[in-house]
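Order-wise, the sequence lines are chains U and Z.
The numbering of the first sequence is the numbering used here, which starts it at 284 and goes up by one.
The numbering of the second sequence is the numbering used here, which starts it at 284 and goes up by one.
All C-beta atoms, glycine included, are put in the ideal place defined by N, C-alpha and C.
Remember, predicted model here, so these are calculated numbers, not experimental data.
Number of protein chains: 2
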Amino acid sequence: MKNYLLLCGGVGGAKLALGFSKILAESNLTIAVNTGDDFKHLNLKICPDLDTVLYTLANESDLSKGWGRADESWEMLGALKQLGGETWFQLGDKDLATHIIRTQLLADGATLSQVTQELCSRFGVQSKVLPMSDETVETYIQTKNRLLSFQEYFVKFQCGPPVTDFVFKGLDKAKFNPLIDLEAFDEIIICPSNPFVSINPIIQLEGLNQFLKLHPERVNVVSPIVNSQSLKGPTSKIMHELGLEVSVNSIANFYKDYASTIFVDELDNDQLDCLHTSGFKTFTAPLVMKSLQSKIHLAQSIVGFLEGN
Amino acid sequence: MKNYLLLCGGVGGAKLALGFSKILAESNLTIAVNTGDDFKHLNLKICPDLDTVLYTLANESDLSKGWGRADESWEMLGALKQLGGETWFQLGDKDLATHIIRTQLLADGATLSQVTQELCSRFGVQSKVLPMSDETVETYIQTKNRLLSFQEYFVKFQCGPPVTDFVFKGLDKAKFNPLIDLEAFDEIIICPSNPFVSINPIIQLEGLNQFLKLHPERVNVVSPIVNSQSLKGPTSKIMHELGLEVSVNSIANFYKDYASTIFVDELDNDQLDCLHTSGFKTFTAPLVMKSLQSKIHLAQSIVGFLEGN
Numbered sequence: 284m285k286n287y288l289l290l291c292g293g294v295g296g297a298k299l300a301l302g303f304s305k306i307l308a309e310s311n312l313t314i315a316v317n318t319g320d321d322f323k324h325l326n327l328k329i330c331p332d333l334d335t336v337l338y339t340l341a342n343e344s345d346l347s348k349g350w351g352r353a354d355e356s357w358e359m360l361g362a363l364k365q366l367g368g369e370t371w372f373q374l375g376d377k378d379l380a381t382h383i384i385r386t387q388l389l390a391d392g393a394t395l396s397q398v399t400q401e402l403c404s405r406f407g408v409q410s411k412v413l414p415m416s417d418e419t420v421e422t423y424i425q426t427k428n429r430l431l432s433f434q435e436y437f438v439k440f441q442c443g444p445p446v447t448d449f450v451f452k453g454l455d456k457a458k459f460n461p462l463i464d465l466e467a468f469d470e471i472i473i474c475p476s477n478p479f480v481s482i483n484p485i486i487q488l489e490g491l492n493q494f495l496k497l498h499p500e501r502v503n504v505v506s507p508i509v510n511s512q513s514l515k516g517p518t519s520k521i522m523h524e525l526g527l528e529v530s531v532n533s534i535a536n537f538y539k540d541y542a543s544t545i546f547v548d549e550l551d552n553d554q555l556d557c558l559h560t561s562g563f564k565t566f567t568a569p570l571v572m573k574s575l576q577s578k579i580h581l582a583q584s585i586v587g588f589l590e591g592n
Numbered sequence: 284m285k286n287y288l289l290l291c292g293g294v295g296g297a298k299l300a301l302g303f304s305k306i307l308a309e310s311n312l313t314i315a316v317n318t319g320d321d322f323k324h325l326n327l328k329i330c331p332d333l334d335t336v337l338y339t340l341a342n343e344s345d346l347s348k349g350w351g352r353a354d355e356s357w358e359m360l361g362a363l364k365q366l367g368g369e370t371w372f373q374l375g376d377k378d379l380a381t382h383i384i385r386t387q388l389l390a391d392g393a394t395l396s397q398v399t400q401e402l403c404s405r406f407g408v409q410s411k412v413l414p415m416s417d418e419t420v421e422t423y424i425q426t427k428n429r430l431l432s433f434q435e436y437f438v439k440f441q442c443g444p445p446v447t448d449f450v451f452k453g454l455d456k457a458k459f460n461p462l463i464d465l466e467a468f469d470e471i472i473i474c475p476s477n478p479f480v481s482i483n484p485i486i487q488l489e490g491l492n493q494f495l496k497l498h499p500e501r502v503n504v505v506s507p508i509v510n511s512q513s514l515k516g517p518t519s520k521i522m523h524e525l526g527l528e529v530s531v532n533s534i535a536n537f538y539k540d541y542a543s544t545i546f547v548d549e550l551d552n553d554q555l556d557c558l559h560t561s562g563f564k565t566f567t568a569p570l571v572m573k574s575l576q577s578k579i580h581l582a583q584s585i586v587g588f589l590e591g592n
């Protein structure tokens, strides 16, 4: 069995990570998660993508919302609202326990990697989940009028303001997580997450960026675009605003220096010729992951293709 | 109308403070609250006595428990427990909103006095409630085998270990809250709180200590002992352990350098002669405050006595 490294953002990435976690041995799977969305809110350290991956793998995620914990309650947030506190970021009572533990462990001197491994252990998650870096990288969205932090853009303004560019503060000083030994992986999977805000901060990190450019033959993209639309989130809206065609081709073009294979949904078969012309190997599979079975099936398809079965 | 300063611990003090708040104009009442029990827990700044006073005055306290908020839920604590977090200190979901706001405001640079006034305003509490000091004083309980922080003693060990002494860390560097101009008060009321752990840290503070010794004629004690028992909490247990008789006389003796008048319940009338011999003026009134009406009635009795009505 090959060793797999998943590069992963929030919801879409977490779904595929769950599929992989069900079919691979723990020792064959590492999941590196975007932390560019992390922020401090109400003095709590919140890592939205890590939490989404954690809750998804622990079978504790709210499947209807796509984020947060299942069977969540909102008593603290209600009390906070009554006291005039900031309530634009939805903090559920159960979710809060995660942030409180993380914030305390970090304050006690643990690294985010150590905290993440500790939380995985407490949630009973066996897979190796790690932050992309232990250094702070902060994703900002340049909109027409002002620079917004990612959570302001994503939650407070509901992805409304048109995007012109992205800023990753701290990226120049951050390194890809040294606990992840890149040479150990036969295949690197770029999950179907937002390329601009979820994956780009990961693949620009020192250490990983150079490695991907040297070894694009090991790197495989799972398209976040299906039937010329993004499955979830603002990917297609952002592509429009950046003047890009909303297509698998645009995704391949975005990753052209880093990857050699792209997984495409059957609904985008019309893109295959163009992808081949651009030098990509392609494999067609159903990319929509609504059920657990479809997540497992996609992971099986990818592994089957990459291992020549 | 005279100006009143209340020195106040948790539950007993908060009850009397509520009574006073119902009969005095806001400008005539200031409540200085013990902060020796304050502690940092799960990276949150928690001020149990200030919260009890705040919730009581805001009509938001859980009357059956005597602490915490009414209609409380415990979802975060349940999730924390599942994750192996520290759950010995009961943190309700609504209560948590208070701690989160306080912790954030302090982290943003506000003093505890400013935070307390802000919280009063947000809870709609008109009375002037202030911490005894903006400096940190930490109450420790010396037990036979080890020194326990107050919350460990009070909550974790349920006041079990026999007490031999008290340590107030930081007391030598702390000053009584300078926002409280002692000369402005005609009467100072020592509320029926635990003398050893709730009131002593207040009256030992630089500024207040000297003032009380110079002006004991302005200082009035409301006995926390009724019918030779403490109404709530470990006062009588601690008195036993310290080798003190559990009586109003022992309370008067504790405060003999600081106060000249003591309010005594009718059930302790047998103590009056001895109290007079010790130089105390006495006034007898029902001290048990179960209903709102009894709280108001006691405050009215005290004010009536002190204003010669």
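Hey, how far is the Cα of PHE459 (chain U) from the Cα of GLY302 (chain U)?
Rounded to whole angstroms, PHE459 (chain U) to GLY302 (chain U) spans 24 Å at the Cα level.
Spatial neighbours of LEU430 (chain U) in its chain, beta-carbon cut-off 8 Å, leaving aside the 5 residues before and after:
Within the same chain, LEU430 (chain U) has close Cβ partners TYR423, ILE424, VAL450.
For ARG429 (chain Z), which of helix, strand or coil comes out of DSSP?
If DSSP states are grouped into helix, strand and coil, ARG429 (chain Z) belongs with coil.
For GLU528 (chain Z) and LEU389 (chain U), the rounded distance between their alpha carbons
C-alpha separation (whole angstroms): 49 Å.
Between the segment 349-363 of chain U and chain Z, which residues of the former have CB atoms less than 7 Å from a CB of the latter, in chain order?
So the list reads SER356, GLU358, MET359, ALA362, LEU363, given in the order they occur along the chain.
State the beta-bridge partners of TYR423 (chain U) as determined by DSSP.
Per DSSP, U:SER432, U:VAL450.
Quick one: Cα of ASP461 (chain U) to Cα of ASN492 (chain U), how far?
Here residue 461 (chain U) is Pro; the residue named in the question, Asp, does not match the sequence. Cα-Cα distance, rounded: 13 Å.
Can you pull the DSSP bridge partners for ILE545 (chain Z)?
DSSP output for ILE545 (chain Z) lists Z:VAL504, Z:THR565 as bridge partner(s).
Please confirm if ASP376 (chain U) has its CB atom under 7 Å from at least one CB of chain Z.
True, the Cβ-Cβ gap to chain Z drops below 7 Å.
Looking at the strands, I want to know which residues DSSP matches up with PHE322 (chain U).
According to DSSP, PHE322 (chain U) bridges with U:ILE329.
Does chain U have any CB closer than 7 Å to the CB of LEU428 (chain Z)?
One point to set straight first is that residue 428 (chain Z) is Asn, not Leu, in the sequence displayed. For ASN428 (chain Z), not one C-beta of chain U is nearer than 7 Å to its own C-beta.
Would you kindly work out how many angstroms separate the C-alpha atoms of GLN554 (chain Z) and SER530 (chain Z), rounded to a whole number?
Their Cα atoms are separated by approximately 8 Å.
CA-to-CA distance, ALA341 (chain Z) to GLN441 (chain Z), given in whole angstroms:
The straight-line gap from Cα to Cα measures roughly 27 Å.
With LEU374 (chain Z) and LEU360 (chain Z) assumed to form a contact (beta carbons below 8 Å), what rounded beta-carbon distance in angstroms separates them?
Sure, about 6 Å apart at Cβ, within 8 Å.
How about PRO484 (chain U) and GLY319 (chain U): do their beta carbons lie closer than 7 Å?
Contact: yes.
Do you know how far the Cα of GLY562 (chain U) is from the Cα of GLY295 (chain U)?
Approximately 26 Å, taken between the alpha carbons.
Return the Cβ separation of TYR287 (chain U) and GLU470 (chain U) in integer angstroms, given the expectation that the two are a contact with Cβ distance under 8 Å.
Right, their Cβ atoms sit about 5 Å apart.
Under 7 Å between C-beta atoms, does ARG405 (chain U) make it to chain Z?
Answer yes: the Cβ-Cβ gap between ARG405 (chain U) and chain Z drops below 7 Å somewhere.
Bridge-paired residues (DSSP) for THR386 (chain Z)
Within the DSSP secondary-structure output, THR386 (chain Z) pairs in no beta bridge.
Is the number of C-beta pairs between the segment 413-423 of chain Z and the segment 347-367 of chain Z that are closer than 8 Å three or more?
Contact check between the segment 413-423 of chain Z and the segment 347-367 of chain Z: fewer than three CB pairs, one atom from each, fall below 8 Å, which does not count as touching.
With a threshold of 16 other CB atoms inside 10 Å of the CB of SER410 (chain Z), please say whether the residue is buried or exposed.
Classification for SER410 (chain Z): buried.
Is the beta carbon of LYS300 (chain U) sitting closer than 7 Å to the one on LEU289 (chain U)?
Rather than Lys, the amino acid found at residue 300 (chain U) in this sequence is Ala. Yes, they are a contact pair.
Residues in the same chain with beta-carbon distance under 8 Å from TRP371 (chain Z), minus the five sequence neighbours each way, listed in chain order, please.
Closer than 8 Å at Cβ, skipping near neighbours: VAL438, LYS439.
Closest by CA to ASP448 (chain U), which one among U:ALA467, U:PHE468, U:LEU454, U:LYS427?
Of U:ALA467, U:PHE468, U:LEU454, U:LYS427, the smallest CA-CA separation from ASP448 (chain U) is found for U:LYS427.
With 16 other CB atoms within 10 Å as the buried threshold, where does MET415 (chain U) fall?
By the 10 Å Cβ count, MET415 (chain U) comes out buried.
In angstroms with no decimal places, state the Cα-to-Cα distance between THR394 (chain Z) and CYS330 (chain Z).
Those two C-alpha atoms are separated by around 13 Å.
If we define contact as Cβ-Cβ less than 7 Å, is ALA390 (chain Z) a contact residue for chain U?
Yes - at least one Cβ of chain U is within 7 Å of the one on ALA390 (chain Z).
For TYR538 (chain Z), does the three-state DSSP call read helix, strand or coil?
TYR538 (chain Z): coil per DSSP, three-state reduction.
Rounded to the nearest angstrom, what separates VAL547 (chain Z) and ASP540 (chain Z) at their Cα positions?
C-alpha separation (whole angstroms): 18 Å.
N- and C-terminal bounds of the beta strand (DSSP E) containing LEU312 (chain Z):
Residues 312-316.
Distance check for VAL412 (chain Z) and SER481 (chain Z), CA to CA, integer angstroms please.
Cα-Cα distance, rounded: 16 Å.
Does the beta carbon of GLN387 (chain U) come closer than 7 Å to any beta carbon on chain Z?
At least one beta carbon of chain Z lies nearer than 7 Å to the beta carbon of GLN387 (chain U).
Could you confirm whether any beta carbon from chain U is found closer than 7 Å to the beta carbon of LEU379 (chain Z)?
By this cut-off, LEU379 (chain Z) is an interface position.
Specify the secondary structure class of GLU528 (chain Z) as computed by DSSP and reduced to three states.
The answer is coil: DSSP assigns GLU528 (chain Z) none of H, G, I, E or B.
So for CYS403 (chain U), helix, strand or coil by DSSP?
Correct three-state label for CYS403 (chain U): helix.
So, at 7 Å on beta carbons, what are the nonlocal neighbours of SER304 (chain U) in its own chain, with the 5 sequence-adjacent residues on each side left out?
Cβ within range, chain order: LEU312, LEU340, SER410.
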